[in-house]
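Report on the structure given below.
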Amino acid sequence: MLSPEDFTRRLAVIEARERELDKREKAAQAKGLRHNLYERVTVSVRTLDVVIVVCALLILILVIAGVMQGRSKTKLTSGTPGEAGFADPFVVIAAKEKMKEWLSQG
Amino acid sequence: MEKSLKSTGENSGPEETLWSKWKEWLLNYSLYIILGVLVIGVVAAEPSFLSFSNLSKIMAQASTRGILALGVAGMIVYTGTDLSAGRILGFCAAISASLLQSVTYASRMYPGITEPLPLIVPLLLSIVAGMVFCSVNAFGFAVLRMHPFIISLGTQLIAYGSLCLYIDSQASGAQPLASLDPRYIGVVNGSFDLGFMNLPYLVVYLILCALAMWVIWNKTTLGKNMFAIGGNPEAAAVSGVNLSRNIFGVYLVAGALYGIAAFLEAGRVQSVTTSTGLNYDLDAISACVIGGVSFTGGVGTIPGVLIGVTILQVINYSLYYLGVNAYLQYIIKGLIIIMAVAIDVRKYIAKK
Chain A
34 MLSPEDFTRR LAVIEARERE LDKREKAAQA KGLRHNLYER VTVSVRTLDV
84 VIVVCALLIL ILVIAGVMQG RSKTKLTSGT PGEAGFADPF VVIAAKEKMK
134 EWLSQG
Chain B
2 MEKSLKSTGE NSGPEETLWS KWKEWLLNYS LYIILGVLVI GVVAAEPSFL
52 SFSNLSKIMA QASTRGILAL GVAGMIVYTG TDLSAGRILG FCAAISASLL
102 QSVTYASRMY PGITEPLPLI VPLLLSIVAG MVFCSVNAFG FAVLRMHPFI
152 ISLGTQLIAY GSLCLYIDSQ ASGAQPLASL DPRYIGVVNG SFDLGFMNLP
202 YLVVYLILCA LAMWVIWNKT TLGKNMFAIG GNPEAAAVSG VNLSRNIFGV
252 YLVAGALYGI AAFLEAGRVQ SVTTSTGLNY DLDAISACVI GGVSFTGGVG
302 TIPGVLIGVT ILQVINYSLY YLGVNAYLQY IIKGLIIIMA VAIDVRKYIA
352 KK
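Structure, rendered in structure tokens:
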């Protein structure tokens, strides 16, 4: 339990510190400095919505494009006469082996 | 959220309010929706994707990056970041691997070591090395008041240079540190047989580190102070929190985690080169952002970090599984990070 004198002394120290911090913060604000990275964000919510939607659409388009590209490459390289559109089982096995190797290596 | 709706003036009628609510929900969870679609696509193409063995493989691969992310997350809670994590991991991994090369391997780095060292020695040295590098970062951030981005960029280069010099100092030249002690590989790459699946030791190490970090974040003064400082440094300082001491504490814990991750990574890959750890820091930061650790500071959870790490690994795995071009994968991952940050900023503005 703190004695009244100790309490007053501590309170004075904290108040002094608080005043100093206030002064420092005001000085920082005057200079335009901020602790928080996002304090400088001036874009509107609507702009951020557009960024999110555009990113989402781009991701989906790129994934679909990537899958299509991968498949067309597989067809071109592994298609066998009479089995158009089906991947060569040996190529599939090789791809799975590659996958296993990748898994073990990270 | 309501504030933002009011400010955009979109809640004039009940139908519009419902639509606005839906729009908010869709935007806030858009990342998870995309990932869900991605996983459904992979499962449709290959149903075995959802098997326990696949899950354990994904988690085993994510484990070292997960431990790294647990360390980086603390710094992000302080509104900071750490760009040096990957290179520090590389340097610490080189220390572990060099001391644990097989004693029968003729080109080992330390021919003087004729008896296998106890595993704890390289692990401790790796942890100490990680802590030394992190204390440099902490000194720059807490004492010199440098931006963590800049100080960690400097440390990244120092760690990379040290790694290259260390690997280059071998008698046989700059060759990968390989042929590791079988005991070491067994301790890192082994697994528990649970009957329906094998639980890799790496996953167990990740869970143990996550539990320890959960206790530090939620049950210790250091953790409470960390959130207080991240949320409002002035208020924390006025309340009597010692900023420098707490920043050092969090950085040293992160350094210890980097050391553990490095020890495990060297054993997992079984070879350490100058490129070990490359871009791991970016993966760790991405995982934190995806997992909801906010760059606004003072916000983040350990389960969130683990979810972020798992999601990132599932993305890697899914894109590879779907046969998406490797270069395209970088672009997709970059877009995912931009999207995660945009969602985070949006939430912050709405809260303001």
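Quick note, the sequences are listed as chains A and B, same order.
Numbers given in the working numbering equal positions in the first sequence, counted from 1, plus 33.
Numbers given in the working numbering equal positions in the second sequence, counted from 1, plus 1.
Built from N, CA and C at the ideal position, the CB exists for glycine as well.
Keep in mind that this is a model prediction, so the values were computed, not measured.
- Around F142 (chain B), the same chain offers G81, P149, I152, I248 as residues with beta carbons nearer than 7 Å, after the five sequence neighbours per side are excluded.
- For the C-beta of A89 (chain A), the chain B residues within less than 7 Å are, from N- to C-terminus, S31, I35, M340.
- Residue B:I114 holds the alpha-carbon nearest to the alpha-carbon of Q102 (chain B) among B:I114, B:G91, B:C93.
- For D194 (chain B), no alpha helix (DSSP H) segment is defined; the enclosing uninterrupted segment is the beta strand (DSSP E) at 192-194.
- For L118 (chain B), the nearest beta carbon of chain A is not closer than 8 Å to its own beta carbon.
- At a cut-off of 8 Å between C-beta atoms, R52 (chain A) does not count as an interface residue with respect to chain B.
- Restricting attention to B:A341, B:V325, B:L336, the CA atom closest to the CA of G42 (chain B) is found in B:V325.
- In the assembly as shown, M101 (chain A) is an exposed residue. Its beta-carbon has fewer than 16 other beta-carbons within 10 Å.
- At least 8 Å separates the CB of D39 (chain A) from every CB of chain B.
- N280 (chain B) sits exposed, since fewer than 16 C-beta atoms from the chains shown fall within 10 Å of its C-beta.
- Taking C-alpha positions only, K225 (chain B) is separated from V38 (chain B) by approximately 37 Å.
- For L95 (chain A), the nearest CB of chain B lies under 8 Å from its own CB, placing it at the interface with that chain.
- Judged by DSSP in its simplified three-state form, Q102 (chain B) adopts strand.
- Here L100 (chain B) is buried, its C-beta having at least 16 other C-beta atoms within 10 Å.
- Given a length threshold of 4 residues, each whole run of the alpha helix (DSSP H) inside the segment 42-97 of chain B is given here in chain order: 53-78.
- The alpha carbon of V86 (chain A) has as its nearest neighbour, out of B:R66, B:L27, B:I77, the alpha carbon of B:L27.
- Nearest to A341 (chain B) by alpha-carbon distance, out of B:K22, B:K24, B:Y33, is B:Y33.
- A distance of 8 Å or more separates the beta carbons of A160 (chain B) and R269 (chain B).
- Sequence-distant partners of G292 (chain B) (beyond 5 residues in either direction) whose C-beta falls short of 6 Å from its own C-beta, in its chain, are G305, V306, I308, G309.
- It is roughly 36 Å from the alpha-carbon of Y185 (chain B) to the alpha-carbon of L329 (chain B).
- Taking all protein chains shown into account, N219 (chain B) has fewer than 16 neighbouring C-beta atoms within 10 Å of its C-beta and is therefore exposed.
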